[in-house]
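J.: Pasting a structure here, questions to come.
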Amino acid sequence: LDKSDGDQLQRYLETLSQRFKRVRICCRDAMYLLRSKNVTVKHGTTALFLDPPYKGTAKTTYGSDCQEVTEELQEWLIEEQENPKLRIAVCGHAGDFELPAWTEYAWKRNRGYSTTAEKSALLDQERIWFSPQCLPVKE
């Protein structure tokens, strides 16, 4: 890197640092974290981006039954969907969650490392659900 590249990189990293100043990344049982007010709403409005094990793609993840995780998470999502202090985005495949009050966004991911026909068939099934408290996308 010459000096101008270094200056540009430093500005980029400073901008990124400011953007993530109030971000907390948690690594623990998801349902424990979600039910903890200390992790979620104690500090004010909280945005949550959840990417749980997808229903039907694995029997167990980290020692938990994926079907049970999805069902427990759906119950929590419905309980908290009107909480004004939570803005939630949750990822999955089409049909993983039934969240009628939420905005469902369909997208198609790149093939990536998917090598089986089964995995490739899921490329256009990707979804992100946004809770009613999320701000609308400005177009």
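My numbering runs 29 ahead of the 1-based position in the sequence shown. All C-beta atoms in this analysis are idealised placements derived from N, C-alpha and C, irrespective of residue type, glycine included.
Going by other Cβ atoms of all chains shown within 10 Å of its Cβ, with 16 needed for buried, is P113 buried or exposed?
T.: Along the sequence shown, read from residue 1 onward, the residue named residue 113 stands at position 84. So P113 ends up on the exposed side.
J.: Could you name each continuous beta strand (DSSP E) segment of 3 residues or more that falls completely within the segment 74–133, going from the start of the chain to the end?
T.: If we require 3 residues or more, the beta strand (DSSP E) runs fully inside the segment 74–133 come out as 75–79, 115–122.
J.: Just to confirm, are K137 and L152 a CB contact at a threshold of 7 Å?
T.: Taking the sequence shown and counting its residues from 1, one reaches residue 137 at position 108. Taking the sequence shown and counting its residues from 1, one reaches residue 152 at position 123. Yes, Cβ-Cβ distance for K137 and L152 is below 7 Å.
J.: Which value, in whole angstroms, describes the spacing of the CA atoms of D125 and Y41?
T.: Taking the sequence shown and counting its residues from 1, the one referred to as residue 125 is at position 96. Taking the sequence shown and counting its residues from 1, the one referred to as residue 41 is at position 12. Taking the straight line joining both Cα atoms gives about 37 Å.
J.: According to DSSP, which residues form a beta bridge with I157?
T.: Here the question's residue 157 lines up with position 128 in the sequence shown. In the DSSP output, where bridge partners are listed per residue, I157 has C120, Y134.
J.: Using a threshold of 7 Å, state whether the C-beta atoms of V119 and L79 are closer than that.
T.: Taking the sequence shown and counting its residues from 1, one reaches residue 119 at position 90. Taking the sequence shown and counting its residues from 1, one reaches residue 79 at position 50. The answer is yes: Cβ separation under 7 Å.
J.: With DSSP as the reference, label L30 as helix, strand or coil.
T.: On the sequence shown, position 1 is the one that residue 30 refers to. Note that L30 has pLDDT 48, beneath the 50 cutoff, so the model's placement of it is unreliable and no number is given.
J.: Using a Cβ-based criterion (distance less than 6 Å to any ligand heavy atom), does E127 qualify as near the ligand COA?
T.: The model depicted lacks the ligand COA and carries no ligand whatsoever.
J.: Taking 6 Å as the limit between beta carbons, can you name the residues of its chain near E109, skipping five residues before and five after?
T.: The sequence position of residue 109 within the sequence shown is 80, counting from 1. The answer, listed in chain order, is L115.
J.: CA-CA distance, R64 and V70?
T.: If you number the sequence shown from 1, residue 64 lands on position 35. If you number the sequence shown from 1, residue 70 lands on position 41. Taking the straight line from one Cα to the other gives about 10 Å.
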